[in-house]
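For the first sequence, this note's numbering assigns the number 471 to the initial residue and increments by one for each residue that follows. Single-structure report; data block below.
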Amino acid sequence: METGGTSSSGEGFLSRMALNDNKAGMEGLDRDKINKIIMKSSKGSRFYENEMKKEQQVNQRIERMMLQKSHITEQQLSKAQTQVEKMTFDLDRVRDLSRVIVHVDMDAFYAAVETRDCPDLKDKPMAVGSMSMLTTSNYHARKFGVRAAMPGFIAKKLCPNLVIVPTNFDKYREVSAEIREIFADYDPHFLPMSLDEAYLDISEHLEQRRGWPEVLPCNTFAMGLLLVILLGIAPNMMLAKVCSDKNKPNGQYRLPSNRQAVMVFIQDLPVRKVSGIGKVTEKMLGALGITSCVHLGQEMALLALLFSETSWHHFLDISLGLGSTHIERDGERKSMSTERTFGEMSALEEQFSLCRQLCQDLAQDLQKEALKGKTVTLKLKNVNFEVKTRAWTLPCAVATTDELFAVAKDLLKTEIDNVSPQPLRLRLMGNLNLPSLTGLNGVYRWKKILTITFHICCIY
DNA sequence: ATACATACC
DNA sequence: TACTGGTATGTAT
């Protein structure tokens, strides 16, 4: 069932372009056939060329790492080993198995909501998004290799009958608010990660019902049409997240709160399944022969010598099945940004006017939360998909359109001057402001629109 | 602090 | 024809 990612061997195509079948609903697909279509649609494009460049950079990074590895002595390794063992011992000693953390994930959320509103879609391959980009796909579509973060025009080649529905964020927000009310019944301090995902700590909830059969929201929420909720239940957030993905497309999975069960669960878990390990880290670890979490534990001394402290500590936690045991809503936000993609833009007036518009949009967003920021970052992406960021930090925090534009236009001007007399051939501009100062969290107030009923069932 | 990369949804 | 947008954080300088 596991592929451990997309780079099973040295095929002649880019691992970063190939189908990412890491997510559920993509098992047993004809990956070769799908990848051929993806490659055919992409090859030669500017996007593809840029991806190729990025992949070369990753390869170089791996080469540097392997060179570094070749210089490691037995002595260094055994010293690191001692350090790792001590740390492992300490971590294990304070392991907290007392909490019951739930990761909730609404399966193919946007697609499910759209299907509720248009039941005809139920039996058709469909995706939400546009010809440029898809955000979700239903299970029929996944069978063709169609998935989130894939451009619609490629998805159409994989599945000519694919129905693409435009996104309706307001609608998803409404449904999300409904679901969140239920989450709050189980944990008033639940942590929303996005419209369709959240972490809950149900330890208290269970404690209050001691002696009762253990109950949790089951996987089926009836809302005009079925909305499937996936639950992962485990002693910490990292494991809960992995668990919620375990029984897709319909189910819940509970990992018991004992060390033995956790360690068995971790053994064969591909590193890519862990949140925070993406395709680059997967590839780097793969170069060291590490594909599953056991390997991670076995090679920890080596990892301690090759990676930064934060990285290998993270790896160590993963290899021991450790994760955060108390969920906390994020404090104040750390940044706010806005960016836009468009057809090639080379005219100066247009570029400056867009820059001003972005500053205005950002100023508006900042105002909504009564925030100001000190660092203004200009982000540019040219028609070859190359990204540049240029930042300037001010002595005082700013928030208005004019204040932002005063900085952003200089940053933009500098970049234009740098390439002149050639024009900047842009496809994206963005404007990022890193706030400090005043933070006010908005209060959610949503009307109840749907009736939600849900099953109660035992989780054992 | 700045630039760029990675990751998540 | 067509490959997102918002936020956080890691890596490197």
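All C-beta atoms in this analysis are idealised placements derived from N, C-alpha and C, irrespective of residue type, glycine included. Since we're looking at a predicted model, the values are computed, not measured.
In the DSSP secondary-structure assignment, Tyr723 is bridged to Gly702. Only exposed fits Gln892, as fewer than 16 other CB atoms lie within 10 angstroms of its CB.
For Asp800 against Ser762, the beta-carbon gap comes to about 31 angstroms, at or over 8 angstroms, which does not count as contact.
Per DSSP, the beta bridge partners of Ala597 are Ser607 and Ile634. In summary, Gln722 is buried, with 16 or more beta-carbon neighbours lying within 10 Å of its beta-carbon over all protein chains present. For Gly599, the closest of Phe623, Cys825 and Lys743 by C-alpha to C-alpha distance is Phe623. Here the alpha carbons of Val744 and Val645 stand approximately 28 angstroms from one another. C-alpha of Ile788 to C-alpha of Met708: approximately 8 angstroms in a straight line. DSSP places Thr859 within a strand segment (E or B) once states are collapsed to three. If the five residues before and after Asn717 are omitted, its C-beta is found closer than 8 angstroms to the C-beta atoms of Leu700 and Tyr723, all from its own chain and listed in chain order. In the DSSP assignment, Leu896 is bridged to Met815 and Asn852. The three-state secondary structure of Arg810, taken from DSSP, is strand. Remark: C-beta atoms of Arg565 and Leu792 approach each other more closely than 8 angstroms. A Cβ-Cβ contact shorter than 8 angstroms links Val868 with Gly843. DSSP, reduced to helix, strand and coil, places Ala867 within a strand of the structure shown. With the rule of 3 Cβ pairs closer than 8 angstroms, the region 641–656 does not count as touching the region 512–521. Within the model, the alpha-carbon separation for Glu769 versus Gly756 is close to 12 angstroms. In the DSSP assignment, His573 falls within the unbroken beta strand (DSSP E) covering Ile571 to Met576.
Residue environment: Asn529 is assigned as exposed (fewer than 16 neighbouring CB atoms within 10 Å of its CB, all protein chains considered).
When secondary structure is reduced to three states using DSSP, Leu773 falls in the helix class.
Under a 10 Å Cβ-count criterion, Pro905 is classified as buried, with 16 or more other Cβ atoms of the shown protein chains found around its own Cβ. Taking His783 as reference, the option from Leu537, Ala488 and Glu555 with the minimal CA-CA separation is Glu555. Residues Pro705 and Ser727 of the same chain have their beta carbon placed closer than 6 angstroms to that of Leu567, with the five preceding and five following residues left out of the count. Val846 has Trp862 and Asn903 as its beta-bridge partners, per DSSP.
Within the same chain, Cβ atoms closer than 7 angstroms to the Cβ of Val635 are found at Glu584, Met596 and Val598, the five residues on either side in sequence being excluded.
Glu667 is the residue among Lys627, Asn520 and Glu667 whose C-alpha sits nearest the C-alpha of Ser714. Counting every other CB atom within 10 Å of its CB across the protein chains shown gives Glu779 a total below 16, marking it as exposed. Taking Ile747 as the centre and dropping the five residues before and after it, the same chain places the C-beta of Val741 closer than 7 angstroms to its C-beta, in chain order.
Remark: three or more beta-carbon pairs, one from each stretch, lie closer than 8 angstroms, so the region 523–540 and the region 484–495 are flagged as touching.
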